[in-house]
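Enquirer: Position one of the sequence shown corresponds to residue 8 (our numbering), numbered consecutively onward.
Think of the CB as a built atom: it goes at the ideal place given N, C-alpha and C, for glycine as much as any other residue.
Before we start, here is the structure in question, set down as structure tokens.
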Amino acid sequence: MAARRPTSSTSERGRSTASATSRARARFRSELSAIAPRRFPSPASSSSIERAPTPWPGGPATSCTSSAGATSASSTRGCPVGTSTATPWRARTSPGHARESRVTATELAKAAQDAFAFVSAQPGVTEVEVFVASNATLLTRLNYTSHIPSNGVEEPKSVASRGLGLQVVFAGPGGGASIGFGSEAADLTVRGAERALAKARQAAVVDPEFVSLPRPSPRQARTLTNYHDQRLMALDDMSLVESGWRVVGGGLRTFLASSRLAELAGSDEGLRALGLILGGDVTVLQERVALISTAMPRVQTDESTLITAFVTAMVEARQAKGSGWSTGTRLDEFTDEAGVEAAQNAVASIGGARVPSGEYTIVFGRQPVTDLINNLVVPACIASSFYSSSTPFLGRLGRAIASPRLNVYDDGAHPGFMGSKGITCEGLPTGRTDLIRDGVLVGCLSNWYETQRLLRDPELLTKLGAQGPVAEAALSPRNGFRFGDGGGRQFDNQPSVAASNVVVEGADPVSREELVRHVRDGLYIGRIWYTYPINGLRAGDFTCTVVGDSYIIRDGRLAEPLRPNVIRINDNIANILTNVVGVTKDVKGTIVWAADEVVYAPEIAVSRVRVDAIAGFMEELP
């Protein structure tokens, strides 16, 4: 979900958001005008208070003291010095500029109904599925640097899309059938449907593995309705920019409250020279969809919202880096948590050490657990991976693939979870699919097409490891979505298989402190990057680089930070899953780059993990 890729720097109606940025900066400046006592008292006997034209440390100017021609920033109000509690969203009193009203769910439903009636009446059409969507992705980029002039919050932007997509089954000669897909952007009228139908007819092919368009099951019903946040759905430019300042402010307050940084810097100028950096984004996704088909002739609609923040903080002069993030579905629950956490982790990472190559017991933090799940476990548990024989779990349904301590499931209908949807993009109810239960593979993520072709595969038993009712239960099509590179449900995509809310749990969970004590000697890995299978997914071999938030565990405690970018993990996902020795109680919604799913991840201890030291030559550089 994180870090989506909008390309326009204007709001949906085409007006630049620069004015909203300026107003938000001014408002933030006024909120922080009352300051805490200065950490570094000025040697001058008297001083005056003035606004800094290029403020530090806050993007919107804090109050600054001018002494002997120098301007220094003071601590800001909102999080008292010495604390770093996440600050909740405070409602703005001045009105912002609302975005132009987007297409409503009712209008989408009418467009879907009209398109369905038109296409169904055309010659040669035997089945049709109409999917209509109106999406918007809003993003504000965070970029603060203490030693280089910066804006703190910049590049507020939005990308909006709307249109309709048709999957059409056409009658063929001799009783055969062909299936085609066509879409049309912006035009939701019958004329748009006519053009989409022409594209579908032109693109139609005979697919011997195609059975039918999705069919509803009488045993499954929709459980999640009316769950989106109206405030997020109607978010204006000012509120978008303010959300960015909220996160930046949390990070800066945490930096200013740090006694460790004060000791290292010795002065305001020294603090600035440490190279304090905050980078990241706040992203809001607004989705409205409507769907109707021959097998489900009553229009269904769905509306969903989410808000995420991801921040990387650095103390560049000390080669220290930390990260923080937050996930949610409601604006009133959004806080500065991501900025606070990132700054805390960056300060804690100062003075990192190296470790030699070898096998270690590792406590994987929530972000590494999420990265491993997203890049290895989920792809290995998708029905198409079994069909193509490309999964490391080939033929192992009903057999152990992990430690009996481990449970993994996907629940797309969990209220309040960020990835929840009322229906799939095939019109079927979302719900819970168990993947690993007590270490045993019990299910797969699938959509209608993948389920039907795998169930009819003559090699089903070899590929999946089961057949009959057991296979049918394991392949329930609850995960057919039209996602597109982290941008929501897209009208011009055909349904593929994707996770929604992946939940990882453990038997006999413990606290982090207890887990670290149990490990006694090893590593705590808090952030990895560039995780991928290196010999194809089926082999299970993978590699990744440890890039921050990591520590050396010694005598049952986090003894000292591990320097970023000095080790790689080279192992096999089967070893990771099998060698789990402990799991923490608390889970946190965790996001990865350009993914629509979220993983609710604990921290997991794994024994005998292969680690290789890298970049040793850097120690010899001046």
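What did DSSP end up calling Asp-548 once you bin it into helix, strand or coil?
Expert: strand
Enquirer: Mark Tyr-558 as exposed unless 16 or more other C-beta atoms lie within 10 angstroms of its C-beta, in which case mark it buried.
Expert: Buried: at least 16 other Cβ atoms inside 10 Å.
Enquirer: Just curious, the alpha helix (DSSP H) that Asn-582 is in, first and last residue?
Expert: Segment 580-585, the alpha helix (DSSP H) holding Asn-582.
Enquirer: By alpha-carbon positions, which one of Asn-486, Gly-346, Lys-428 ends up nearest to Gly-450?
Expert: Asn-486
Enquirer: With a threshold of 16 other CB atoms inside 10 Å of the CB of Pro-163, please say whether the residue is buried or exposed.
Expert: buried
Enquirer: For the alpha helix (DSSP H) containing Met-245, list its first residue and its last residue.
Expert: 244-263
Enquirer: Ile-299 and Gln-120 - do their beta-carbons sit closer together than 8 Å?
Expert: yes
Enquirer: In terms of residue numbering, what span does the alpha helix (DSSP H) encompassing Phe-123 cover?
Expert: 112-127
Enquirer: Out of Asn-142, Thr-315, Val-504, state which residue places its alpha-carbon closest to the alpha-carbon of Thr-342.
Expert: Among Asn-142, Thr-315, Val-504, the Cα nearest to that of Thr-342 belongs to Thr-315.
Enquirer: What residues match up with Gly-287 in a beta bridge as DSSP calls it?
Expert: Bridge pairing for Gly-287: Leu-149, Val-318 [DSSP].
Enquirer: Under the rule that 16 or more other beta-carbon atoms within 10 Å means buried, what is Arg-463, buried or exposed?
Expert: With fewer than 16 other Cβ atoms within 10 Å, it is exposed.
Enquirer: If you measure between the beta carbons of Thr-585 and Pro-516, is that distance less than 8 Å?
Expert: no
Enquirer: To the nearest angstrom, how far is the alpha carbon of Val-587 from that of Arg-496?
Expert: 35 Å
Enquirer: In three-state terms, what does DSSP make of Ala-75?
Expert: At Ala-75 the pLDDT is 30, less than 50, meaning the model places this residue with poor confidence and gives no usable figure here.
Enquirer: Three or more C-beta pairs closer than 8 Å, one from the stretch 234-249 and one from the stretch 203-211: is that the case here?
Expert: Cβ pair count under 8 Å is below three, so no.
Enquirer: Can you tell me the Cα-Cα spacing of Pro-223 and Leu-383, whole angstroms?
Expert: 31 Å
Enquirer: Quick one, are the C-beta atoms of Phe-549 and Asp-528 less than 8 Å apart?
Expert: no
Enquirer: From this set, Asp-378, Gly-543, Glu-604, which residue's C-alpha is nearest Val-554's C-alpha?
Expert: Asp-378
Enquirer: If we require 3 or more residues per run, which beta strand (DSSP E) segments fall completely within the stretch 325-368?
Expert: 327-335
Enquirer: Kindly indicate which residue of Leu-146, Ile-389, Ile-583, Leu-530 has the alpha-carbon position closest to the one of Arg-412.
Expert: Ile-583
Enquirer: Near Leu-145, which residues of its chain fall below 6 Å by C-beta distance, leaving aside the five closest residues on each side in sequence?
Expert: Ser-165, Leu-247, Val-291
Enquirer: In the DSSP output, what is Asp-441 paired with across the bridge?
Expert: Tyr-416
Enquirer: What does the Cβ neighbour count give for Ile-611, buried or exposed, with the cut at 16 atoms within 10 Å?
Expert: buried
Enquirer: Along the beta strand (DSSP E) that carries Phe-177, what are the first and last residues, could you check?
Expert: 159-178
Enquirer: When DSSP labels each residue in this structure, what does Thr-469 get in the three-state scheme?
Expert: helix
Enquirer: For Ser-507 and Ser-141, what's the separation of their Cα atoms in angstroms?
Expert: Looking at the backbone, the Cα of Ser-507 and that of Ser-141 are separated by about 19 Å.
Enquirer: Around the C-beta of Val-132, are 16 or more other C-beta atoms found within 10 angstroms, so that it is buried, or is it exposed?
Expert: Label assigned to Val-132: buried.
Enquirer: Tell me the residue span of the beta strand (DSSP E) that contains Phe-393.
Expert: Element bounds for Phe-393: not the beta strand (DSSP E) but the alpha helix (DSSP H), 390-394.
Enquirer: Does DSSP put Arg-99 in a helix, in a strand, or in coil?
Expert: Residue placement at Arg-99 cannot be trusted, given a pLDDT of 49 that sits under 50; the coordinates are not used to answer.
Enquirer: The beta strand (DSSP E) with Asp-619 in it runs from where to where?
Expert: 611-620
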